[in-house]
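Just below is one structure, and these are the notes that go with it.
Numbering (this note's numbering), first residue to last: 102 to 557.
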């Protein structure tokens, strides 16, 4: 951190441009690991690097590096970092892609830079991404999530802090129970009552666990209670909250959420033979992207496919054998592509077809940020926003260098889900490991216009 606080430090950022071996591109769609290494070592570098690569190919010797200095901005950023102790990268004024008119927006306001530590837990991100507005349930949720930080305190003081968290959550539940129930969809209200009763009992049990200093029992109970909270919040969603644009309305759409299990056979690893990753797909915030993926899952498109990139930055797959870069729809014998789809915090529907930078939304925050280890997103071609098809990637980096909703991947690639179980094992995957199967375990009824049912 010391290197970040000097006004003379040089802020190093890399424009993640997709090309054949690049990040979110296709075979074209892969992020090149050298970009990430330059980015993550920005504290020790002295230049802001904007790396451009030839479309569809990558040769390190041909990589063109352009250097741009932002000394005044770096100084302002350093002051902001010193004040807020933010360990991340704000939305900066780096040129986007190699365009004739590069855009150089101003630094984000301090209010954005020091808005608090990023949320890294995938389940918490999914809870906050639900299209609901019920302050009472959030006041129960927040202290339960704060238990994670309380447990980082040494000694018995940690459990004292946990007790305070639980008391705060219990008080919020008792005071806000009526308001919480009023926010539950009428058709789900009885289930909501049952969940709240279980939550109330569980809070009493967790209070006893903390009082008895039974540290090992805290996290399992916390997880259980947050599952109740999340279920109540999901019951508050009454139908799909907006209309998908007409031009995309006939595509496979996930109007809600779905959960899939991805079983991977791991090669050449004595410690791991196979692993099942549970992934929650968020169709509320990315109905086209998530719907496209679920439709491909039901076609068994990914079954038997190898992991095609694993470089410590991302794990990527989805490039079929043959010349095609994505899924060829048998009914049309043409590639099926989908638009770039980004839900902006505060908006009621996603924006389509352009990055947030291209739209001039430099300070906008995304509803599904690249914060969690195992964030899942759609890869695409370098210069074509609407070229996503079947190639997907998982980010192998928590947002230590990227504050919540303010990092250089947000708004450029369509996030549509998070790995919620066994995500740590993503780091063990290697090129050549085989996806044995991907199966939808819940939420398939939320898929509309499923093309897999059409005999092509």
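From the three backbone atoms N, C-alpha and C, an ideal C-beta is built for every residue, glycine too.
{"Query": "Span of the beta strand (DSSP E), counted from its first residue to its last, around residue 494", "Result": "493-496"}
{"Query": "Inter-residue spacing [alpha-carbon to alpha-carbon] between residue 427 and residue 401", "Result": "14 Å"}
{"Query": "The beta strand (DSSP E) enclosing residue 461, as first and last residue numbers", "Result": "Taken as a continuous stretch (DSSP letters only), residue 461 belongs to no beta strand (DSSP E), as it is neither H nor E."}
{"Query": "Closest Cα partner of residue 236 within the set 330, 543, 306, 304", "Result": "330"}
{"Query": "Distance, residue 282 Cα to residue 392 Cα", "Result": "30 Å"}
{"Query": "Three-state class that DSSP yields for residue 305 in the structure shown", "Result": "helix"}
{"Query": "Three-state secondary structure (DSSP) of residue 359", "Result": "strand"}
{"Query": "Separation of residue 258 from residue 249, as counted between CA atoms", "Result": "13 Å"}
{"Query": "Residue 355 to residue 388 span [Cα, whole Å]", "Result": "5 Å"}
{"Query": "DSSP state of residue 620 mapped onto helix, strand, coil", "Result": "Only positions 102 to 557 of the chain appear in the structure, and residue 620 is not among them; the question remains open."}
{"Query": "Buried versus exposed, by CB contacts within 10 Å (16 or more), residue 276", "Result": "exposed"}
{"Query": "Pairwise C-alpha distance: residue 421 and residue 406", "Result": "8 Å"}
{"Query": "Beta-carbon gap between residue 468 and residue 444 smaller than 9 Å", "Result": "yes"}
{"Query": "Nearest-angstrom Cα separation, counted from residue 456 out to residue 323", "Result": "37 Å"}
{"Query": "Within 9 Å, strictly: CB atoms of residue 253 and residue 308", "Result": "no"}
{"Query": "Residue(s) in a DSSP beta bridge with residue 410", "Result": "417"}
{"Query": "Cα-Cα separation between residue 364 and residue 398, rounded to whole angstroms", "Result": "12 Å"}
{"Query": "Whether residue 350 touches residue 381 by CB criterion (9 Å)", "Result": "no"}
{"Query": "Exposure of residue 411, with buried meaning 16 or more beta-carbon neighbours within 10 Å", "Result": "buried"}
{"Query": "Residue 466 in three-state terms, based on DSSP", "Result": "coil"}
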